[in-house]
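One structure is given below, encoded as structure tokens.
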Amino acid sequence: MDNFRLEERDEYAHAPGTEANYNESVYVNGFDPAQKFGGWMRIGNRVNEGYAEAQVCFYLPDGRIACQFQRPEISHNEGFAAGGLSYAVNEPFKSVGMRYEGDLLLVEDPELLRHPKDLFAKAPKVSAAIDYQLEGLSPMHGGEPTKADQQTMYGRDFSLGHFNQHTRTVGNIQIGDETFELDGWGWRDHSWGPRFWTNIYFYRLLIANFGPDRAMMILKITDRSGRTRREGVLMFDHEYEPITDIDLFTEWSDKKDPVRMKLGLRTPARAVRLDGEVMTLAPLRNRRKVGEEFLQSRIAEGFTRWQWDGRTGLGMTEYIELLEDGEPVGYPL
Amino acid sequence: MNEYLLVPQDEYPHAPTSDMHFNESVYTNVFDHRKRLGGWMRIGNRVNEGYAEVSVCLYLPGGRIACQFLRPDIATNEAFDAGGLRVTIEQPLAALTMHYAGEVMLVDDPHILREPKRLFAEAVRASAKIEWQHVGCSPLHGGLPVRADQQTMFGRDFSLGHFNQHTVAKGAITVGEHHWQIDGYGWRDHSWGPRLWQNILFDRGFYASFGDDCGITLLKIANTNGSIRRAGVLFVDGDYEPILDLDIDTSWDQQRDPVAVTLNIRTARRAAFIEGRVLRCAPLRNRRKIGGEIVESRIAEAFTELTWGKRTGYGMTEYVEKLIDGVPAGYPL
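Protein chains in written order, with my numbering: chain A, 48 to 380; chain B, 1234 to 1566.
Structure follows, in structure tokens:
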């Protein structure tokens, strides 16, 4: 991720491009290693389409998922506040916060998430108030490319600018009559530019923290031509080391969702092996009508426990891939 | 490997360049799948250094290795014929035979191969006669690059021209009083250009057959600048499919030699999952004085049984890597 421009003003919303599918999004996550729970929240302004994607997904200690997926109307891209979600930059590059106030759907069986209509019709709703505060632990990673031919992390049809950072995350979470104090680690990103979720042919994104000094952000992404790129960083002793190689092996459920991962990572400084186990998986979908055709992608969001060198880490496993004839295009590798 | 020049004349020795380390080598391996025995032989002319590298390595029933490593003097690059090892071309790009007549060393405990002086001093010797004929059953893969900026399979500091092919192989092996008829499958290559083994930081190569219609040529290679590439082909139903992606997971023994591998492979047509089990590893070394420094690479040559779906194959796993402070540069990935 050399040759990227990143300034403090990039923490805030940018002037939107004219693309119909312009997206500007902020995402945060946080997980508590002692209580083994946590979750993520995201606001994605799609101002030229007149709405935001507002998403909340919490993985509770007993295996339930508390979530919300909305598309509230927005009329401008001047901030990140929609559908009960709001995002604040406390100090650029150092501290941000995200809050949610509104209903959450309580899901005991994640299979319900495969059927959004059933989810919204059947899942019990409870009121929730969530406050996440994130303090940067790592350098900033990414920004906006400075050359026209420069490879970006996810490709320019998914975002033009993109940066991310590992964090300490603390939170106060009220879901119905349950209250959780979260004290742990997390990650956040900010992206802007044109985006269709279905522009990703397939990728595997692995994000986790192993305390304040070690973390990973690992991306293996394949485009329609079959070209695979390996990207990301390994945080070791608080410093980011660029990834020079990834070997990833996935074990799958009978629903073709990731269950366990074996990961080999190489940076200029070290080669490491990690083992991951998905504890709770939210099997999400994104559908988009293109012409007369619906394109659909699966977005598997797995709360994951990792082992690295005797250390336990927590984080997110995200497998996004187009469905062709109902089959994830990257499966079974 | 699409844009390569390959003509029947390339089966024969090329005019050597003035590079001190000009190498022209022919390698073949053969395994009888029913008897689970076979091996590989290689002759590498280094005419500008005045010698050939002659290597013979047989994996015999019961785990015994019969091998020979010689550096006979050569004065020309006009033939592959030195140290008792000889290549005859019956039909260019279609059929060749490799012959060896001479002594081999019998090794019950492969660990002695780590110590060449002890090996040559202590190993029991036997006379051997080996002859195996290869008839190509696949397309030819590779040749001479046609553009100056073209990436070659192993990199131009390891070979300029290089081609390989899967084969049906028949022949006979006599070691001392033991005699085996060989009826199996193999793989062969031919390389020319400057070569120092130490120019590879590390590589993992897999060269195996699952019959006369199915095989693998897989390479993951890190050049000394640390950049990592994946190259190779799957041989399926008589055709080569270039690989688009390759992930490797290796299990190791206490000596850091490979004992088992899992391979995820993607081509434009399929995703393949192959598991390999090392039946016998010959832990070889190459040492060379470069400048005032002795640079050493390990060359683990492992006879491997592979499983790809319902098919079982046999071939070679080859891990070449520089030793840095005695530790293989690619280990433990």
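Glycine included, C-beta positions come from ideal geometry on N, C-alpha and C.
- Query: Does any C-beta atom of chain B lie closer than 8 Å to the C-beta of residue 356 of chain A?
  - Reply: For the purposes of this step, residue 356 of chain A is taken as the residue at position 309 of the first sequence. Closer than 8 Å: no.
- Query: How big is the Cα-Cα spacing for residue 330 of chain A and residue 1546 of chain B?
  - Reply: To locate residue 330 of chain A, count along the first sequence from 1; it is residue 283. To locate residue 1546 of chain B, count along the second sequence from 1; it is residue 313. One C-alpha to the other measures close to 37 Å.
- Query: By the 10 Å Cβ neighbour count, where 16 or more other Cβ atoms means buried, how is residue 1403 of chain B classified, buried or exposed?
  - Reply: Indexing the second sequence from 1 puts residue 1403 of chain B at position 170. Buried, since its Cβ has 16 or more Cβ neighbours within 10 Å.
- What separation, rounded to the nearest whole angstrom, lies between the Cα atoms of residue 342 of chain A and residue 161 of chain A? Position 295 of the first sequence, counted from the start, is the residue given in the question as residue 342 of chain A. Position 114 of the first sequence, counted from the start, is the residue given in the question as residue 161 of chain A. Linking residue 342 of chain A to residue 161 of chain A through their CA atoms gives a straight-line distance of about 16 Å.
- Message: Distance check for residue 1551 of chain B and residue 1357 of chain B, CA to CA, integer angstroms please.
- Response: Numbered from 1 along the second sequence, position 124 holds the residue referred to as residue 1357 of chain B. Numbered from 1 along the second sequence, position 318 holds the residue referred to as residue 1551 of chain B. Taking the straight line from one Cα to the other gives about 26 Å.
- Query: How many angstroms separate the CA atom of residue 1434 of chain B from the CA atom of residue 1554 of chain B?
  - Reply: Locating residue 1434 of chain B in the second sequence gives position 201, counting from the first residue. Locating residue 1554 of chain B in the second sequence gives position 321, counting from the first residue. Distance between the alpha carbons of residue 1434 of chain B and residue 1554 of chain B: 5 Å.
- Along the segment 278–297 of chain A, what residues have a CB closer than 7 Å to any CB found in chain B? 291, 292, 294, 295 and 296
- Give, in chain order, every residue of the segment 299–320 of chain A whose Cβ lies closer than 7 Å to some Cβ of chain B. 309, 311, 313, 315, 318 and 320
- Hey, does residue 1556 of chain B have any beta-carbon neighbour from chain A nearer than 8 Å? Counting from one through the second sequence, the residue named residue 1556 of chain B turns up at place 323. It does not: the Cβ of residue 1556 of chain B has no partner Cβ on chain A nearer than 8 Å.
- Using Cβ-Cβ distances below 7 Å, what residues of the segment 1471–1505 of chain B are close to chain A? Taking a C-beta cut-off of 7 Å against chain A, the contacting residues of the segment 1471–1505 of chain B are 1477, 1478, 1480, 1481, 1482, 1495, 1497, 1499, 1501 and 1504, listed in chain order.
- Starting from residue 1404 of chain B, follow its DSSP beta bridges and name the residues at the other end. Locating residue 1404 of chain B in the second sequence gives position 171, where the first residue counts as 1. DSSP output for residue 1404 of chain B lists B:1365 and B:1415 as bridge partner(s).
- Among all the DSSP beta bridges, which residues are the ones paired with residue 369 of chain A? Mapped onto the first sequence, residue 369 of chain A falls at position 322. Bridge pairing for residue 369 of chain A: A:344 [DSSP].
- Query: In terms of DSSP beta bridges, what is residue 1553 of chain B paired with?
  - Reply: Position 320 of the second sequence, counted from the start, is the residue given in the question as residue 1553 of chain B. Residue 1553 of chain B pairs with B:1436 and B:1532.
- Task: Using beta-carbon positions only, say whether residue 1532 of chain B and residue 1518 of chain B come within less than 8 Å of one another.
- Result: Taking the second sequence and counting its residues from 1, one reaches residue 1532 of chain B at position 299. Taking the second sequence and counting its residues from 1, one reaches residue 1518 of chain B at position 285. Yes, the Cβ-Cβ distance between residue 1532 of chain B and residue 1518 of chain B is below 8 Å.
- Give the C-beta separation of residue 1388 of chain B and residue 1377 of chain B to the nearest angstrom, bearing in mind that I take them to be a contact with Cβ-Cβ under 8 Å. What you label residue 1388 of chain B is simply residue 155 of the second sequence in a count that begins at 1. What you label residue 1377 of chain B is simply residue 144 of the second sequence in a count that begins at 1. No, residue 1388 of chain B and residue 1377 of chain B are not in contact; Cβ-Cβ is about 15 Å, not under 8 Å.
- Query: By the criterion of Cβ-Cβ separation under 8 Å, what are the contact partners of residue 275 of chain A in chain B?
  - Reply: On the first sequence, residue 275 of chain A is found 228 positions in, with the first residue counted as 1. Here the neighbours are 1477, 1478 and 1499.
- Task: For the segment 249–264 of chain A and the segment 101–118 of chain A, state whether three or more C-beta atom pairs, one from each stretch, are separated by less than 8 Å.
- Result: no
- Using the beta-carbon of each residue, which ones in chain A are nearer than 7 Å to residue 1565 of chain B? Taking the first residue of the second sequence as position 1, residue 1565 of chain B is located at position 332. Chain A residues near residue 1565 of chain B: 318 and 320.
- At 9 Å on the CB atoms, spell out the chain B contacts of residue 380 of chain A, in chain order. Here residue 380 of chain A corresponds to residue number 333 of the first sequence, with the count starting at 1. Within 9 Å Cβ-Cβ: 1478, 1480, 1497, 1498, 1499, 1504, 1505 and 1506.
- Message: Just to confirm, is the Cβ distance from residue 1245 of chain B to residue 1322 of chain B under 8 Å?
- Response: Reading the second sequence from its first residue, position 12 is the one you call residue 1245 of chain B. Reading the second sequence from its first residue, position 89 is the one you call residue 1322 of chain B. Closer than 8 Å, so yes.
- Helix or strand or just coil, what does DSSP make of residue 1500 of chain B? By 1-based counting over the second sequence, the position of residue 1500 of chain B is 267. Of the three classes helix, strand and coil, the one that applies to residue 1500 of chain B here is strand, per DSSP.
- Going along the chain, which residues of its own chain have a beta-carbon closer than 7 Å to the beta-carbon of residue 379 of chain A, five neighbours each way excluded? As a position in the first sequence, residue 379 of chain A is number 332, starting the count at 1. Result list for residue 379 of chain A: 299, in chain order.
- Message: Relative to the C-alpha of residue 1338 of chain B, which candidate in B:1299, B:1369 and B:1365 has its C-alpha closest?
- Response: By 1-based counting over the second sequence, the position of residue 1338 of chain B is 105. The shortest Cα separation from residue 1338 of chain B among B:1299, B:1369 and B:1365 belongs to B:1299.
- Query: Where does residue 290 of chain A sit, in a helix, a strand or coil, going by DSSP?
  - Reply: To locate residue 290 of chain A, count along the first sequence from 1; it is residue 243. Coil.
- Quick one: Cα of residue 1370 of chain B to Cα of residue 311 of chain A, how far? Working through the second sequence from its first residue, we reach residue 1370 of chain B at position 137. Working through the first sequence from its first residue, we reach residue 311 of chain A at position 264. For residue 1370 of chain B and residue 311 of chain A, the distance between alpha carbons rounds to 35 Å.
- Task: Identify the continuous beta strand (DSSP E) that holds residue 151 of chain A and give its terminal residues.
- Result: The residue labelled residue 151 of chain A in the question sits at position 104 within the first sequence. Start and end: 142–154.
- Query: Would DSSP call residue 60 of chain A helix, strand or coil?
  - Reply: Looking up residue 60 of chain A in the first sequence gives position 13. Residue 60 of chain A: coil per DSSP, three-state reduction.
- Task: Run down chain A in chain order and give the residues with a C-beta less than 8 Å from the C-beta of residue 1459 of chain B.
- Result: Locating residue 1459 of chain B in the second sequence gives position 226, counting from the first residue. Within chain A, 291 and 315 have C-beta atoms less than 8 Å from the C-beta of residue 1459 of chain B, given in sequence order.
- How many angstroms separate the CA atom of residue 1262 of chain B from the CA atom of residue 1421 of chain B? For the purposes of this step, residue 1262 of chain B is taken as the residue at position 29 of the second sequence. For the purposes of this step, residue 1421 of chain B is taken as the residue at position 188 of the second sequence. The straight-line gap separating the alpha-carbon atoms of residue 1262 of chain B and residue 1421 of chain B is approximately 6 Å.
- Pair within 8 Å by beta-carbon distance, residue 1470 of chain B and residue 1499 of chain B: One-based indexing of the second sequence puts residue 1470 of chain B at position 237. One-based indexing of the second sequence puts residue 1499 of chain B at position 266. No; because the gap between Cβ atoms is not below 8 Å, this pair is not in contact.
- Distance, residue 123 of chain A Cα to residue 1489 of chain B Cα: Within the second sequence, residue 1489 of chain B is the residue found at index 256, counting from 1. Within the first sequence, residue 123 of chain A is the residue found at index 76, counting from 1. Those two C-alpha atoms are separated by around 59 Å.
- Message: Could you pull the DSSP bridge partners for residue 1290 of chain B from this structure?
- Response: Within the second sequence, numbered from 1, the residue matching residue 1290 of chain B stands at position 57. Answer by DSSP bridge pairing, in chain order: B:1273 and B:1300.
- the segment 199–210 of chain A in contact with the segment 364–373 of chain A per 3-pair CB rule at 8 Å: no
- Item | Paired residues, beta bridge with residue 1378 of chain B - DSSP | Counted from its first residue, the second sequence places residue 1378 of chain B at position 145. For residue 1378 of chain B, DSSP records a beta bridge to B:1237.
- Message: For a test of the three-state rule: what should DSSP assign to residue 164 of chain A, helix, strand or coil?
- Response: Translated into positions along the first sequence, residue 164 of chain A becomes position 117. The answer is helix: DSSP assigns residue 164 of chain A an H, G or I state.
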